[in-house]
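Take a look at the structure set out below.
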Amino acid sequence: MSDLKTEEQVLTKEKLKLKKPAKYRVVILNDDYTPMEFVVWILRVVFYRTQVESEQIMLQAHTTGKALCGVYSHDVARTKVNETHMLAEEHGHPLHCQMEIEEGEET
Numbered sequence: 001m002s003d004l005k006t007e008e009q010v011l012t013k014e015k016l017k018l019k020k021p022a023k024y025r026v027v028i029l030n031d032d033y034t035p036m037e038f039v040v041w042i043l044r045v046v047f048y049r050t051q052v053e054s055e056q057i058m059l060q061a062h063t064t065g066k067a068l069c070g071v072y073s074h075d076v077a078r079t080k081v082n083e084t085h086m087l088a089e090e091h092g093h094p095l096h097c098q099m100e101i102e103e104g105e106e107t
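Under UniProt numbering, residues 1 to 107 are what the sequence shown spells out, in order.
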């Protein structure tokens, strides 16, 4: 009766713990040269914000030095930062934004 499973032959199924991918904050930085209208336009076309949201984000960056544009996966955040820098350069503005790892996330 070797065909019968004994307790020693029962396999246990291991659960794999998958790590959630880190999220990244894209933050726009204030400068004294980029027109406010251009910043609002960037927030609308790159970050898909409404006119009101874009104006609020722009004003926050203007008054505090930086403002959150959104939280994304690494690849999406990198793409949005690159697109912002490319458009700013094309239009002759020094606008800058950066990625920051979301609080509580590990690399």
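Where a beta carbon is used, it is the ideal one built from N, C-alpha and C, also for glycine.
- Per DSSP, the continuous beta strand (DSSP E) segment holding H96 begins and ends at H96 to I101.
- K66 is the residue among L59, M36, K66 and D75 whose C-alpha sits nearest the C-alpha of L29.
- The distance from the Cβ of E102 to that of A22 is about 7 Å, consistent with a contact at the 8 Å cut-off.
- Restricting attention to alpha helix (DSSP H) runs no shorter than 4 residues, the UniProt domain "Adaptor protein ClpS core" (19 to 98) encloses them at 36 to 45, 51 to 64 and 74 to 90, ordered along the chain.
- Between V45 and the set P94, Q98, V81 and M99, the nearest pair of CA atoms involves V81.
- Here T34 is buried, its C-beta having at least 16 other C-beta atoms within 10 Å.
- M86 places its beta carbon 7 Å or farther from that of V26.
- For the 7 Å CB-CB criterion, M58 and V39 form a contact.
- The Cβ-Cβ distance between D31 and P94 falls below 7 Å.
- Going by beta carbons, I42 and T84 fall inside the 7 Å limit.
- Shown here for S54: same chain residues with a beta carbon closer than 6 Å to its own, the five before and five after excluded, namely V40, L43 and R44 in chain order.
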